[in-house]
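Asks:
There are 2 protein chains.
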Amino acid sequence: MIDRLPVGATIGILGGGQLGRMLSVAASRLGFECAIYEPGSAPPAGQVAARVVTAPYGDEDALRAFAATVDVITYEFENVPTAALDILEETCPIRPNRKALGISQDRLTEKEFLNGLGLQTAPFAAISTADDLTAAVKGIGVPSILKTRRFGYDGKGQVRLGSDADIGRAIEEMAGSDAVLEGFVNFSHEVSVIGARGLNGEIACFDPGENLHDDGILRTTTVPARLSGAQKADAVLLTGKILNALDYVGVLGVELFVTPGGLIVNEIAPRVHNSGHWTQNGCVIDQFEQHIRAITGWPLGDGARHANVKMENLIGADMDRVADLSADPGVALHLYGKAEAKPGRKMGHVNRITPKD
Amino acid sequence: MIDRLPVGATIGILGGGQLGRMLSVAASRLGFECAIYEPGSAPPAGQVAARVVTAPYGDEDALRAFAATVDVITYEFENVPTAALDILEETCPIRPNRKALGISQDRLTEKEFLNGLGLQTAPFAAISTADDLTAAVKGIGVPSILKTRRFGYDGKGQVRLGSDADIGRAIEEMAGSDAVLEGFVNFSHEVSVIGARGLNGEIACFDPGENLHDDGILRTTTVPARLSGAQKADAVLLTGKILNALDYVGVLGVELFVTPGGLIVNEIAPRVHNSGHWTQNGCVIDQFEQHIRAITGWPLGDGARHANVKMENLIGADMDRVADLSADPGVALHLYGKAEAKPGRKMGHVNRITPKD
Numbered sequence: 068m069i070d071r072l073p074v075g076a077t078i079g080i081l082g083g084g085q086l087g088r089m090l091s092v093a094a095s096r097l098g099f100e101c102a103i104y105e106p107g108s109a110p111p112a113g114q115v116a117a118r119v120v121t122a123p124y125g126d127e128d129a130l131r132a133f134a135a136t137v138d139v140i141t142y143e144f145e146n147v148p149t150a151a152l153d154i155l156e157e158t159c160p161i162r163p164n165r166k167a168l169g170i171s172q173d174r175l176t177e178k179e180f181l182n183g184l185g186l187q188t189a190p191f192a193a194i195s196t197a198d199d200l201t202a203a204v205k206g207i208g209v210p211s212i213l214k215t216r217r218f219g220y221d222g223k224g225q226v227r228l229g230s231d232a233d234i235g236r237a238i239e240e241m242a243g244s245d246a247v248l249e250g251f252v253n254f255s256h257e258v259s260v261i262g263a264r265g266l267n268g269e270i271a272c273f274d275p276g277e278n279l280h281d282d283g284i285l286r287t288t289t290v291p292a293r294l295s296g297a298q299k300a301d302a303v304l305l306t307g308k309i310l311n312a313l314d315y316v317g318v319l320g321v322e323l324f325v326t327p328g329g330l331i332v333n334e335i336a337p338r339v340h341n342s343g344h345w346t347q348n349g350c351v352i353d354q355f356e357q358h359i360r361a362i363t364g365w366p367l368g369d370g371a372r373h374a375n376v377k378m379e380n381l382i383g384a385d386m387d388r389v390a391d392l393s394a395d396p397g398v399a400l401h402l403y404g405k406a407e408a409k410p411g412r413k414m415g416h417v418n419r420i421t422p423k424d
Numbered sequence: 068m069i070d071r072l073p074v075g076a077t078i079g080i081l082g083g084g085q086l087g088r089m090l091s092v093a094a095s096r097l098g099f100e101c102a103i104y105e106p107g108s109a110p111p112a113g114q115v116a117a118r119v120v121t122a123p124y125g126d127e128d129a130l131r132a133f134a135a136t137v138d139v140i141t142y143e144f145e146n147v148p149t150a151a152l153d154i155l156e157e158t159c160p161i162r163p164n165r166k167a168l169g170i171s172q173d174r175l176t177e178k179e180f181l182n183g184l185g186l187q188t189a190p191f192a193a194i195s196t197a198d199d200l201t202a203a204v205k206g207i208g209v210p211s212i213l214k215t216r217r218f219g220y221d222g223k224g225q226v227r228l229g230s231d232a233d234i235g236r237a238i239e240e241m242a243g244s245d246a247v248l249e250g251f252v253n254f255s256h257e258v259s260v261i262g263a264r265g266l267n268g269e270i271a272c273f274d275p276g277e278n279l280h281d282d283g284i285l286r287t288t289t290v291p292a293r294l295s296g297a298q299k300a301d302a303v304l305l306t307g308k309i310l311n312a313l314d315y316v317g318v319l320g321v322e323l324f325v326t327p328g329g330l331i332v333n334e335i336a337p338r339v340h341n342s343g344h345w346t347q348n349g350c351v352i353d354q355f356e357q358h359i360r361a362i363t364g365w366p367l368g369d370g371a372r373h374a375n376v377k378m379e380n381l382i383g384a385d386m387d388r389v390a391d392l393s394a395d396p397g398v399a400l401h402l403y404g405k406a407e408a409k410p411g412r413k414m415g416h417v418n419r420i421t422p423k424d
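And the structure:
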């Protein structure tokens with residue numbers, strides 16, 4: 068039997084950044100209240116949530132109290148410490164589940180899981196020592212990229228290897244962390260699928276978006292993506308395969324490299340995803356509401372796309388463009404309420420709408 | 068010179084109901100924080116606002132403290148007591164301005180203002196006594212409707228007169244309040260225009276919507292409304308005339324009766340309006356964001372409509388339909404976070420989207 072949370076229930080969100088903020092707004096549309104758990108002060112999500120708990124993830128009392136006052140717990144980022152989740156889960160269900168979180172927290176486990184499903188990934192090898200790396204570079208070749216197994220995001224914790232001479236520096240930069248060497252993939256472009264799976268197992272995917280990165284940070288997502296009908300079907304089917312294999316509940320982001328030999332999974336994110344922000348102005352139900360619907364046991368919403376959209380992130384000094392952007396017809400602004408526009412910091416995004424092809 | 072409030076500024080909202088709630092969400096998209104002033108406890112807007120002040124409108128200290136911590140003040144309903152506004156305005160600008168508020172707070176003043184602009188209204192007469200009413204019924208005839216000059220909403224404070232025999236009861240129901248007798252207008256349907264005027268005087272109107280009421284409460288708004296091109300132009304032009312005459316800043320709702328003799332103004336509301344909720348799923352910029360843009364000195368947004376929409380209010384026991392509605396494709400739910408679904412209470416609305424004609 069499926070537990071559908073009633074209107075008025077409270078959703079606990081771990082992390083108070085922009086994703087938590089937009090989840091809270093979406094939850095309000097369905098009549099839910101949100102409580103934010105966030106170690107940092109003045110989190111963006113707190114400006115649009117019923118309640119904020121400011122406490123570190125190591126504060127067991129705060130975690131227990133939080134879990135006792137919410138009906139379901141979700142998270143806006145995948146690096147929540149395991150010990151905190153253990154405590155929370157004693158009291159309250161966590162969705163998406165621990166398996167999805169565990170797999171996506173570790174690049175090595177994630178790649179092994181994906182290969183186990185028959186899905187293609189970049190060639191990879193586990194790296195702990197300089198000798199591991201020397202051997203792996205022989206097999207995988209250069210250019211290649213060394214990434215920490217855990218806690219990487221937005222291009223952080225990554226070193227590019229152009230030749231054997233980079234091996235020593237690369238190992239140094241990992242500073243003793245376990246790592247994965249990934250071979251470069253010769254891809255024409257990157258797309259991502261924002262998929263959702265409900266508590267009853269139903270699956271829905273938004274149209275794939277095409278992503279452009281700069282310096283490891285997403286710059287734009289454009290829908291529709293350049294994909295053949297067959298590629299689009301592949302992208303959606305493999306997303307469904309991942310969702311089912313994880314017995315997943317919620318929204319999942321799947322990044323894919325498009326190659327002549329088929330789609331290669333770059334990485335998965337067990338949460339709403341930056342490349343899904345276009346849904347806020349391209350669909351009746353956006354990825355944030357879809358996630359809330361899934362984790363509360365509601366039916367998934369209608370994610371049909373009604374417009375072409377180009378989403379552009381506003382990063383750091385891009386905030387100087389807000390005055391111009393606010394006067395630009397067809398542009399929807401989404402700012403995150405962050406005080407300081409530091410270089411590399413995601414401050415907001417815009418969705419630029421044009422009629423559907 | 069126009070003061071454009073910077074991202075991060077705080078907007079004070081008088082009233083914590085659903086309109087304040089949706090204003091706060093819209094403000095968050097532009098990077099503003101909202102503070103809610105509301106006498107009642109646990110207001111719906113408080114669930115998605117940075118701060119809530121719970122105090123009566125007679126609490127001068129609370130009003131002064133509130134005004135001192137916000138950058139601009141707006142309101143979600145037109146019956147804010149004048150004395151409270153006097154105190155707030157010592158410290159902080161109130162938008163829309165006091166003139167608009169004063170006129171719309173009084174049905175008699177409002178009708179005289181509209182006639183003064185050359186706009187048609189229902190025939191009306193000021194009523195203080197039974198003698199006034201007897202005389203007025205002779206001139207205006209029956210059926211007609213007696214309404215309190217002030218503090219009426221959703222059909223409250225109104226008595227219908229079917230014959231001279233109703234005069235005594237009608238006066239009794241007014242309980243000493245000054246009133247207005249309005250003649251019935253023979254109209255085919257009601258439409259409304261949601262117009263906006265910026266701090267620099269620019270004007271933008273959303274497409275007119277067609278309204279259906281039941282027992283004095285709005286049930287549905289449908290866009291596009293049944294209007295000829297000329298009627299649509301008239302509706303927009305007269306809205307612009309009202310906005311300019313009031314030196315208005317913000318969103319204004321104008322209810323119009325469609326008759327063979329032209330458009331007749333039923334009433335104006337100096338705020339976001341229930342009949343404008345369809346804009347949330349029909350436009351890139353909705354009425355709530357448009358209001359926030361106007362009162363903060365930002366450029367008005369692009370209100371072009373990209374879909375046909377039927378908005379339906381969920382009133383009282385309509386909440387029993389939420390489970391079904393949540394599974395209905397093309398339906399966007401907007402619930403207000405109110406605890407009790409009392410009869411006649413607006414609990415939420417749905418926007419049903421179909422492709423644009």
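Residue numbers (the working numbering), protein chains in the order written: chain A, 68 to 424; chain B, 68 to 424. Think of the CB as a built atom: it goes at the ideal place given N, C-alpha and C, for glycine as much as any other residue.
For Glu177 of chain A, which residues of its own chain have a beta-carbon under 8 Å away from its beta-carbon, when the five flanking residues on both sides are left out?
Replies: Taking the first residue of the first sequence as 1, we reach residue 177 of chain A at position 110. Hits under 8 Å: Ile170, Ser171, Glu334 and Ile335.
Asks: Since Leu213 of chain B sits in a beta bridge, which residues does DSSP pair it with?
Replies: Here residue 213 of chain B refers to the residue found at position 146 of the second sequence. BP columns for Leu213 of chain B point to B:Val226 and B:Leu248.
Asks: Does DSSP classify Glu322 of chain B as helix, strand or coil?
Replies: In the second sequence, counting from the first residue as 1, residue 322 of chain B sits at position 255. Of the three classes helix, strand and coil, the one that applies to Glu322 of chain B here is strand, per DSSP.
Asks: Excluding the 5 residues preceding and the 5 following Leu184 of chain A in the sequence, name in chain order all residues of the same chain whose CB lies nearer than 6 Å to its CB.
Replies: Taking the first residue of the first sequence as position 1, residue 184 of chain A is located at position 117. So the list reads Lys308 and Ala312, once near-sequence residues are dropped.
Asks: Can you give the Cα-Cα distance for Pro160 of chain B and Leu310 of chain A, rounded to whole angstroms?
Replies: Stepping through the second sequence from its first residue, residue 160 of chain B is reached at position 93. Stepping through the first sequence from its first residue, residue 310 of chain A is reached at position 243. Each residue's alpha carbon lies about 52 Å from the other.
Asks: So, are the CB atoms of Val321 of chain A and Leu294 of chain A less than 8 Å apart?
Replies: By 1-based counting over the first sequence, the position of residue 321 of chain A is 254. By 1-based counting over the first sequence, the position of residue 294 of chain A is 227. Result no, Cβ atoms of Val321 of chain A and Leu294 of chain A do not sit closer than 8 Å.
Asks: Below 8 Å, can you find three or more Cβ-Cβ pairs linking the stretch 189 to 206 of chain A to the stretch 142 to 151 of chain A?
Replies: Counting Cβ pairs under 8 Å, fewer than three are found: no touch.
Asks: Based on Cα-Cα distance, which residue from B:Met89, B:Thr141 and B:Asn341 lies nearest to Pro110 of chain B?
Replies: On the second sequence, residue 110 of chain B is found 43 positions in, with the first residue counted as 1. The residue with the shortest Cα to Cα distance from Pro110 of chain B is B:Met89.
Asks: Kindly indicate which residue of B:Phe254, B:Glu249 and B:Arg96 has the alpha-carbon position closest to the one of Phe324 of chain B.
Replies: Your numbering for residue 324 of chain B matches position 257 in the second sequence. The candidate whose alpha carbon is nearest that of Phe324 of chain B is B:Phe254.
Asks: Does Pro396 of chain A have its Cβ less than 8 Å from a Cβ in chain B?
Replies: For this step, residue 396 of chain A is matched to residue 329 along the first sequence. By this cut-off, Pro396 of chain A is an interface position.
Asks: Give me the Cα-Cα distance between Gly241 of chain A and Gly224 of chain A, rounded to the nearest whole angstrom.
Replies: Numbered from 1 along the first sequence, position 174 holds the residue referred to as residue 241 of chain A. Numbered from 1 along the first sequence, position 157 holds the residue referred to as residue 224 of chain A. The displayed chain sequence assigns Met, not Gly, to residue 241 of chain A. Taking the straight line from one Cα to the other gives about 7 Å.
Asks: For the ligand GDP, I want to know if Gly84 of chain B counts as a neighbour, meaning its beta carbon is within less than 7 Å of at least one of the ligand's heavy atoms.
Replies: Within the structure as shown, the ligand GDP is missing, as the structure has no ligands at all.
Asks: Identify each residue in the stretch 296 to 326 of chain A for which the Cβ-Cβ distance to at least one residue of chain B is less than 9 Å, and report them in chain order.
Replies: Those residues of the stretch 296 to 326 of chain A that come within reach of chain B (Cβ to Cβ, closer than 9 Å) do not exist; the list is empty.
Asks: Using a Cβ-Cβ distance cut-off of 8 Å, determine whether Ser108 of chain A contacts chain B.
Replies: Translated into the one-based positions of the first sequence, residue 108 of chain A becomes position 41. So, not an interface residue.
Asks: Could you tell me the alpha carbon to alpha carbon distance between Val425 of chain A and Pro163 of chain B, rounded to whole angstroms?
Replies: Past the edges of chain A, shown from 68 to 424, lies residue 425 of chain A, and the structure says nothing about it.
Asks: With the cut-off set at 8 Å, would you say Gly428 of chain A and Asp301 of chain A are in Cβ contact?
Replies: The requested residue 428 of chain A does not occur in the structure, where chain A is confined to residues 68 to 424.
Asks: Taking 8 Å as the CB-CB limit, is Asn352 of chain B close to chain A?
Replies: Position 285 of the second sequence, counted from the start, is the residue given in the question as residue 352 of chain B. In the sequence as presented, Asn is not what sits at residue 352 of chain B; that position holds Ile. By this cut-off, Ile352 of chain B is an interface position.
Asks: Can you tell which of B:Arg216, B:Gln187 and B:Glu249 has its C-alpha closest to the C-alpha of Val227 of chain B?
Replies: Here the question's residue 227 of chain B lines up with position 160 in the second sequence. With the sequence shown as reference, residue 227 of chain B is identified as Arg, and Val is not the correct amino acid for it. Cα-wise, what sits closest to Arg227 of chain B is B:Glu249.
Asks: What residue does the beta strand (DSSP E) around Glu379 of chain B start on, and which one ends it?
Replies: Along the second sequence, read from residue 1 onward, the residue named residue 379 of chain B stands at position 312. Element bounds for Glu379 of chain B: Ala374 to Ile382.
Asks: Can you find a C-beta in chain B that's less than 8 Å from the C-beta of Ile420 of chain A?
Replies: In the first sequence, the residue the question calls residue 420 of chain A occupies position 353. For Ile420 of chain A, the answer is yes, since a Cβ of chain B falls inside 8 Å of its Cβ.
Asks: Output, in chain order, the set of chain A residues within a Cβ distance shorter than 7 Å of Gly75 of chain B.
Replies: Numbered from its first residue, the second sequence carries residue 75 of chain B at position 8. The answer, in chain order, is Ala406.
Asks: In chain B, which residues lie less than 8 Å from Glu100 of chain A when you measure between Cβ atoms?
Replies: In the first sequence, residue 100 of chain A corresponds to position 33, counting from 1. The answer, in chain order, is Gln114 and Gly404.
Asks: Would you please verify whether the beta carbon of Val92 of chain B is less than 8 Å from any beta carbon of chain A?
Replies: One-based indexing of the second sequence puts residue 92 of chain B at position 25. Val92 of chain B counts as touching chain A.
Asks: From the DSSP output, in three-state form, read off Leu330 of chain A for me.
Replies: Here residue 330 of chain A refers to the residue found at position 263 of the first sequence. Of the three classes helix, strand and coil, the one that applies to Leu330 of chain A here is strand, per DSSP.
Asks: Can you tell me whether DSSP reads Val316 of chain A as helix, strand or coil?
Replies: For the purposes of this step, residue 316 of chain A is taken as the residue at position 249 of the first sequence. Note: Val316 of chain A maps to coil in three-state DSSP.
Asks: Is Leu186 of chain A buried or exposed, if buried means 16 or more other CB atoms sit within 10 Å of its CB?
Replies: Translated into positions along the first sequence, residue 186 of chain A becomes position 119. Counting Cβ neighbours within 10 Å, Leu186 of chain A comes out buried, since at least 16 surround it.
Asks: Which partner residues does Asp281 of chain B have in the DSSP bridge list?
Replies: Position 214 of the second sequence holds residue 281 of chain B. For Asp281 of chain B, which the question treats as bridged, DSSP gives the partners B:Ile284.
Asks: By Cβ distance, which residues of its chain are closer than 7 Å to Asn182 of chain B, with the 5 residues on each side in sequence left out?
Replies: As a position in the second sequence, residue 182 of chain B is number 115, starting the count at 1. Taken in chain order, the residues that qualify are Thr188.
Asks: Quick one: does Asp173 of chain A have its CB under 8 Å from some CB of chain B?
Replies: Taking the first residue of the first sequence as 1, we reach residue 173 of chain A at position 106. By this cut-off, Asp173 of chain A is not an interface position.
Asks: By how many angstroms is the C-alpha of Asp231 of chain A removed from the C-alpha of Leu213 of chain A?
Replies: The residue labelled residue 213 of chain A in the question sits at position 146 within the first sequence. The residue labelled residue 231 of chain A in the question sits at position 164 within the first sequence. Straight-line Cα distance between these residues: approximately 13 Å.
Asks: Could you say if the stretch 358 to 373 of chain B and the stretch 336 to 343 of chain A meet the contact criterion of at least three C-beta pairs nearer than 8 Å?
Replies: Contact fails: fewer than three Cβ-Cβ distances are below 8 Å.
Asks: Answer yes or no: does any C-beta atom of chain B fall closer than 8 Å to that of Gly415 of chain A?
Replies: In the first sequence, counting from the first residue as 1, residue 415 of chain A sits at position 348. It does: the Cβ of Gly415 of chain A has a partner Cβ on chain B nearer than 8 Å.
Asks: In or out: Ala421 of chain A buried (at least 16 other Cβ within 10 Å) or exposed?
Replies: Working through the first sequence from its first residue, we reach residue 421 of chain A at position 354. Here the sequence assigns Thr to residue 421 of chain A, which means Ala is not the residue at that position. Thr421 of chain A comes out exposed.
Asks: Which two residues bound the contiguous beta strand (DSSP E) that contains Glu145 of chain A?
Replies: Walking along the first sequence from the start, residue 145 of chain A turns up at place 78. Per DSSP, Glu145 of chain A belongs to no beta strand (DSSP E) and is neither H nor E.
Asks: DSSP beta-bridge partners for Ala122 of chain B?
Replies: Residue 122 of chain B sits at position 55 when you count from the first residue of the second sequence. DSSP lists no partner for Ala122 of chain B.
Asks: Interface residues of chain A around Leu400 of chain B at Cβ under 7 Å?
Replies: Position 333 of the second sequence, counting from 1, holds the residue named residue 400 of chain B. Here the neighbours are Arg96 and Leu97.
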